[in-house]
Every structure is written in structure tokens, then in C-alpha cells.
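Chemist: Got a structure for you, questions after.
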Amino acid sequence: MNTVANPRRLAERWALPRQARGMRPPPRRSERRTPRRDADGGERLTARDGTPLVLRQIRADDVEALQRFFHRLTPEEVRLRFLHPLNELPDAFAHQLCELDPALAFAWVLAAPDDPVRPDLPIEIHAVARAHFDPVLAHAEYAIVVEGRFARQGFGSLLMQRTIASARRLGAVELWSDVLLENSAMLDLCTRLGFHRGMSLNNPGVVRVSLAL
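Just so we're aligned, residue -10 is where the sequence shown starts under the working numbering, counting upward by one.
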């Protein structure tokens, strides 16, 4: 794996559908809650330290919040997420991640709730789960990253369950991702949720996880 590739090119390449990158995934073979809803339809949650949060879909105006979130991630968190070092989230890429075609992609964010009294206050994002749907193969490729401060509190599992449900609604028959072998937290979560593991072709140290939907 080339770990010295240009970060901007890596970011822009990741944003493209997998078939446009010349890499097709091989055919591979949720628990319900009673949520408290936010004004925009999100689910109100509380972190272990008492921080109020809302789980909602990403919005077009989340660009700056998404970039601030990226800059708060540690280099290791970025590498586990993108499989490569990446030093910035360019404006064009951030816009692509926030302005989605709902027929082909979705993203859930764990964010601070909107403040109706102070709408001018910036909203902070603390976790993101996203997937892109390939209508040709009927597969969806996903990725999840949770800020370290909010890790190990069940938010990754909740984001994954939302991702699975959203992929089904798009018509995906399989949800998959390439995960670094050292990313034990993600691999353990996938095992608990019934994902199948296989080696990623041409990528030593990477595990392909897939779930038949």
C-alpha cells in the first residue's frame, strides 16, 4: 500500500464511486430503540461526560463543522479511517461529503444539538458514518469514524445500525468496507453484527468486511 501518495488526490479519489476508481468489490456474502427526537428529526443522546448530542443526517451546511472535526482527529484516527495519512480535508472534498445525492449516498453525524436561542453558534460534529451505493452491483461501501473523546460509548454501534438500515432503504444487498487489520475496534464491532471477513485483494494488512442485507 502506498502511504506517501498525495493526500488531496487520495481524498478526491475516495469520494468517487468505487467502480469509477477501477476497484469493484467482489460479491460477498438491528436493534430498535425508542428515541427522543430533535427538531430536525435526529435522535437526542447524552455522552458519558454529560455532553448533549444528536444523531442526525448530514446537512449541506455542515462543511466547516466537518473540517473542524477532521482537524480534531489524531493522525492515527485519520489513518484508520482513510487507510492512508491525510493532513487536510480540502474544501471541495468537504462539500462532496456534505452535499449528497440521496439516491446514491448517505451520511449520519453525531453532533451538538442546534441551539434555537443562539443559531449563530457553530455546530460541532463528533462522529460520522457514511456509505456510497453502487446501483450496478447493489452494494454499499461504508466508513465510520468517532472522535476519541466519544469512543467506547456505544456510538459506533449505533452509527453502524443506522448505516445498515439506510443501506437497505437504498436497495443494497450487501454492505462492505476495507478495514486495517490493526483496527480491532471496528473488526470486533463487525463480528458482533454478523459481518463476514475476507482478505482485501492486493492490500496486505487490510480485511474486507461484508454483510449480506
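Yeah, the Cβ is synthetic: ideal placement off N, Cα and C, and Gly gets one too.
1) Return the Cβ separation of residue 116 and residue 136 in integer angstroms, given the expectation that the two are a contact with Cβ distance under 8 Å.
2) Measure the C-alpha to C-alpha separation of residue 200 and residue 104 and round it to an integer number of angstroms.
3) With three or more beta-carbon pairs closer than 8 Å as the criterion, would you say the stretch 47 to 64 touches the stretch 77 to 96?
4) With DSSP collapsed to three states, give me the class of residue 153.
5) Can you have a look at residue 128 and say buried or exposed, based on whether 16 or more other CB atoms are within 10 angstroms of its CB?
6) May I ask you to list the residues that DSSP assigns as paired with residue 123?
7) Between which residues of its own chain and residue 16 is the CB-CB distance below 7 Å, once the five residues before and five after are set aside?
8) Measure the alpha-carbon distance for residue 189 versus residue 196 and round it to whole angstroms.
9) If distances are taken between C-alpha atoms only, which option among 63, 167, 133 and 186 comes closest to residue 146?
10) For residue 189, does the three-state DSSP call read helix, strand or coil?
11) Just mark residue 163 as buried or exposed, buried being the case when its beta carbon has 16 or more other beta carbons within 10 Å.
12) Since I believe residue 97 is in contact with residue 148 (beta carbons under 8 Å), could you give me their beta-carbon distance rounded to a whole number of angstroms?
13) On the criterion of 16 or more Cβ atoms from any shown chain inside 10 Å, does residue 65 qualify as buried, or is it exposed?
14) Could you tell me the boundaries of the beta strand (DSSP E) in which residue 38 lies?
15) Would you check if the distance between the CB atom of residue 125 and the CB atom of residue 83 is smaller than 8 Å?
16) So if DSSP puts residue 98 in a beta bridge, which residue, or which two residues, is it bridged to?
17) Which first and last residues belong to the beta strand (DSSP E) in which residue 164 is found?
18) So the candidates are 90, 67, 62 and 48; which of them puts its Cα closest to the Cα of residue 138?
19) Could you name the residues of the same chain whose beta carbon sits closer than 6 Å to that of residue 99, not counting the 5 residues immediately before and after it, in chain order?
Modeler: Considering the structure as presented:
1) 6 Å
2) 37 Å
3) yes
4) helix
5) buried
6) 128
7) Annotation note: pLDDT 45 at residue 16 (below 50); position unreliable, coordinate value reported separately. Taken in chain order, the list of residues that qualify is empty.
8) 5 Å
9) 133
10) coil
11) buried
12) 6 Å
13) exposed
14) Here residue 38 belongs to no beta strand (DSSP E), and DSSP marks it neither H nor E.
15) no
16) 45 and 117
17) 163 to 169
18) 62
19) 42, 44, 115, 116 and 144
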